[in-house]
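Residue numbers (the working numbering), protein chains in the order written: chain A, 506 to 636; chain B, 30 to 108. Where a beta carbon is used, it is the ideal one built from N, C-alpha and C, also for glycine.
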């Protein structure tokens, strides 16, 4: 049984809002936070613009989560992906996993991020060049 | 029916949606053929664009019905 939370938002996302105290059976809490870099295709930028096919993106995130959970069982998963304008240094995605042991949590996040970048209909559709 | 477009496809077609009239179910391959007939600029995108039906990727030989929600999904780049 995995407890799953998915959120696509145009607001800023903060790690503090995603982390918590794991339940007593869980010995590991692992997070990944993906941030906008100041270089995109060798050009200095100030921000990236993200777009999603939102209902399908939410469904695919859930489908991938349960598919990977079958091989690498975890206890909780919280996914927050920011859409719209995301400035350099800001988080575009935060994933927090709790699990009984760290190995499942770490492996889950590694596989999940790879699959997200193949299957979830979210796009970087533009950049705001640095002035 | 409406076919939702995203990212590079929106730029190529010049709109976020394509309207198409379907009177009976067709295969996803047939739907692609119809879309390319009405919007030839989609042809070059077909090899690397996936079709989605009701928020899931279509599987080979899946039938598309006139009231389905269809989207064309170019390569994704989230995260």
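Compare the C-beta of residue i against all C-beta atoms of chain B and say whether one is closer than 8 Å.
i: residue 517 of chain A; result: no
Does DSSP put residue i in a helix, in a strand, or in coil?
i: residue 574 of chain A; result: helix
i: residue 589 of chain A; result: strand
i: residue 517 of chain A; result: coil
i: residue 86 of chain B; result: strand
i: residue 57 of chain B; result: helix
i: residue 530 of chain A; result: coil
i: residue 47 of chain B; result: strand
i: residue 102 of chain B; result: strand
What span of residues does the beta strand (DSSP E) with residue i cover, start to end?
i: residue 603 of chain A; result: 596-604
i: residue 629 of chain A; result: 627-634
i: residue 536 of chain A; result: 533-540
i: residue 614 of chain A; result: Note, residue 614 of chain A: premise wrong, no beta strand (DSSP E); alpha helix (DSSP H) at 607-624.
i: residue 33 of chain B; result: 31-33
i: residue 77 of chain B; result: Run containing residue 77 of chain B: none; DSSP gives neither H nor E here.
Closer than 8 Å by beta-carbon distance: list the chain A residues that pair up with residue i, in chain order.
i: residue 106 of chain B; result: 622, 627, 628, 629
Comparing the C-beta of residue i with each C-beta of chain A, is any distance below 8 Å?
i: residue 93 of chain B; result: no
i: residue 9 of chain B; result: The question about residue 9 of chain B has no answer here: the residues shown for chain B are numbered 30 through 108.
So with CB distances below 9 Å, who are the chain A contacts of residue i?
i: residue 99 of chain B; result: None at all; the shortest Cβ gap to chain A is about 11 Å.
i: residue 32 of chain B; result: Under the 9 Å cutoff, chain A gives no residues; its nearest Cβ is about 12 Å from residue 32 of chain B.
Go to residue i, then tell me how far its alpha helix (DSSP H) extends in each direction, as first and last residue.
i: residue 71 of chain B; result: Neither: residue 71 of chain B is in no alpha helix (DSSP H) and is coded neither H nor E.
i: residue 41 of chain B; result: 36-42
Quiz item: Going along the region 615-627 of chain A in order, which residues come within less than 8 Å of chain B, judged by CB to CB distance?
Solution: 618, 621, 622, 623, 624, 625, 626, 627
Quiz item: Any residues in the region 549-576 of chain A with a beta carbon nearer than 9 Å to a beta carbon of chain B? Which ones, in chain order?
Solution: 555, 556, 557, 558, 560, 561, 562, 563, 564, 565, 568
Practice problem: Give, in chain order, every residue of the region 578-611 of chain A whose Cβ lies closer than 8 Å to some Cβ of chain B. | Solution: 586, 597, 598
Quiz prompt | Near-chain A residues of the region 64-87 of chain B (beta-carbon distance less than 8 Å), N- to C-terminal order | solution = 81, 84, 85, 86
Practice problem: Compile a chain-ordered list of the residues in the region 509-543 of chain A whose CB is closer than 8 Å to at least one CB of chain B. | Solution: 539
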